[in-house]
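Everything on this sheet refers to the single structure shown next.
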Amino acid sequence: MIKSMTGYGRGEACAEGRRFTVELKSVNNRFCEVILRQPRSLSQIEDKIKRRIQERVTRGRVDGYISIEETGEITPTVKVDKALAVAYHKAMEELRESLSISDTISIKDIISLPNVISLEQPEENVEEWLAAIEEATDQALDGLLTMRQNEGERLKTDILQRAAQIKRLILEEVSERAPQVVREHREKLSQRLAEWLENGVIDEARLAAEVAIFADRADISEEIVRLNSHLQQLEQILTEGGPVGRKLDFLVQEMNREINTIGSKANDLVITNAVVNAKSELEKIREQVQNIE
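Below you can see the structure in the form of structure tokens.
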């Protein structure tokens, strides 16, 4: 199956009172490049998530976004600094005696002092979150790849239609026109020679030689055979599917070379127009191929 390099996917999973959301967006790139943006607390599992994405994405730049949202009540831990409370109590007793104050010191007085009692959030165990984050990543990858596959099928259909147009222009119109160009050249050359010669007698051997030279220079049969082979390869590659973007890019370059050669040999307006139209279709194919994985 042909895949585009453009796509988007989103996934969610929950664990330990938190919701993890993963969003993936991919665009064209010569290689597979994964860029993740996530809270600093997830930095230690970043490489694991990247490798998980690279296992399923062969080519393209993938930008990933991981977010965390608390979905339930997370109970903090109450911490009592007993040593600090004892120190506070001792200092308060010394102060009470030195000032001859009769008031008693209550527990309320002590716990109201700074840092005697503090609240600590539960320790974040990122490794325990990993399974949920991987689940959300897989959901996002499924959506991303589905979009890339759908877009890839549209690209395949468009490329095949344009390839068929090139085949019609070059393998049919140009091939049919090429022999006629040689015949017309012979007639024009014969007419010119007759005009130049006083007695109107044409040297048929010389004429045949000149026409043969022209026919050899204008011969595009080899280019047409190679172009036809390239078009067949193009269809075969698109049918087989897989990560074929680089292969198609090279093949399009070869097709462009053959069409350019046909255009340079053409000494005819009809062939030139067909070549121009074929190059226009091939350029559109090249643009589409740039987006194939």
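One point on numbering: in my numbering, the residue at position 71 of the sequence shown is 52, and numbering is uninterrupted.
Virtual Cβ for every residue (Gly too), placed ideally from N, Cα, C.
Treat the numbers as computed from the prediction; the structure is a model and nothing was measured.
Following the continuous alpha helix (DSSP H) through residue i, name the residue where it begins and the one where it ends.
i: Ala64; result: 63 to 79
i: Lys29; result: 27 to 35
i: Val257; result: 250 to 270
i: Glu101; result: It is not in any alpha helix (DSSP H) - Glu101 instead sits in the beta strand (DSSP E) that spans 98 to 101.
Would you decide whether residue i is buried or exposed? Buried here means 16 or more other CB atoms lie within 10 Å of its CB.
i: Asp249; result: buried
i: Val107; result: exposed
i: Ala287; result: There is no way to answer for residue 287, as the model of the chain reaches only from -18 to 274.
i: Gln236; result: The amino acid occupying residue 236 in the given sequence is Met; Gln does not appear at that position. The residue in question, Met236, is buried, as its Cβ has 16 or more Cβ neighbours within 10 Å.
i: Arg37; result: exposed
i: Asp197; result: Because Asp197 sits at a pLDDT of 47, beneath the cut-off of 50, its placement in the model cannot be relied upon, and the point is left open.
i: Arg283; result: The chain is shown only over -18 to 274; residue 283 falls outside these bounds and no answer can be derived.
i: Met(-14); result: buried
i: Asp72; result: A small fix is needed here, since residue 72 is Ala in this sequence, not Asp. By the 10 Å Cβ count, Ala72 comes out exposed.
i: Glu221; result: exposed
i: Lys89; result: exposed
i: Val233; result: buried
i: Arg143; result: buried
i: Gly(-8); result: buried
i: Glu204; result: buried
i: Ala259; result: buried
i: Glu153; result: exposed
i: Ser81; result: exposed
i: Ser210; result: exposed
Would you kindly report the start and end of the unbroken beta strand (DSSP E) that includes residue i?
i: Gly223; result: Segment: none, Gly223 is in no beta strand (DSSP E) and carries neither H nor E.
i: Val43; result: 41 to 51
Kindly indicate which three-state DSSP category residue i falls into: helix, strand or coil?
i: Val233; result: helix
i: Val15; result: strand
i: Glu247; result: Per the sequence presented here, residue 247 reads as Ala, with Glu not at that position. Ala247 falls in the coil class under three-state DSSP.
i: Thr(-13); result: coil
i: Glu(-3); result: coil
i: Ser87; result: coil
i: Leu94; result: coil
i: Glu109; result: helix
i: Val59; result: strand
i: Val192; result: At Val192 the pLDDT is 49, less than 50, meaning the model places this residue with poor confidence and gives no usable figure here.
i: Glu274; result: coil
i: Gln38; result: Sequence check: residue 38 is Val here, not Gln. Of the three classes helix, strand and coil, the one that applies to Val38 here is coil, per DSSP.
How about residue i: is its C-beta nearer than 8 Å to some C-beta of chain D?
i: Gln142; result: Absent from the structure is chain D; it holds one protein chain and no more.
Would you kindly work out how many angstroms separate the C-alpha atoms of residue i and residue j, rounded to a whole number?
i: Asn96; j: Glu51; result: 27 Å
i: Glu(-3); j: Trp110; result: 8 Å
i: Arg207; j: Ala(-6); result: 54 Å
i: Glu74; j: Lys60; result: 24 Å
i: Leu263; j: Arg0; result: 48 Å
i: Gln213; j: Pro20; result: 50 Å
i: Arg135; j: Glu157; result: 32 Å
i: Tyr69; j: Glu101; result: 21 Å
i: Lys265; j: Leu23; result: 43 Å
i: Leu141; j: Glu216; result: 7 Å
i: Glu274; j: Lys29; result: 23 Å
i: Ser79; j: Thr58; result: 37 Å
i: Asp44; j: Glu14; result: 8 Å
i: Gln130; j: Gly223; result: 10 Å
i: Ile86; j: Leu76; result: 11 Å
i: Val256; j: Gly(-10); result: 42 Å
i: Ser261; j: Gln269; result: 13 Å
i: Asn10; j: Ile49; result: 29 Å
i: Gly(-12); j: Leu126; result: 7 Å
i: Asp230; j: Tyr46; result: 31 Å
i: Lys228; j: Asn272; result: 13 Å
i: Ile92; j: Ser99; result: 10 Å
i: Ala145; j: Ser202; result: 19 Å
Below 8 Å on the Cβ atoms is my contact criterion, and I expect residue i with residue j to pass it. Report the Cβ-Cβ distance as a whole number of Å.
i: Ala117; j: Leu5; result: No, Ala117 and Leu5 are not in contact; Cβ-Cβ is about 10 Å, not under 8 Å.
i: Ile34; j: Gly133; result: No, Ile34 and Gly133 are not in contact; Cβ-Cβ is about 18 Å, not under 8 Å.
i: Ile26; j: Val155; result: At roughly 59 Å, the Cβ-Cβ gap does not stay under 8 Å, so Ile26 and Val155 are not in contact.
i: Val3; j: Ile114; result: 7 Å
i: Leu219; j: Lys148; result: Not really, about 14 Å apart at Cβ, beyond 8 Å.
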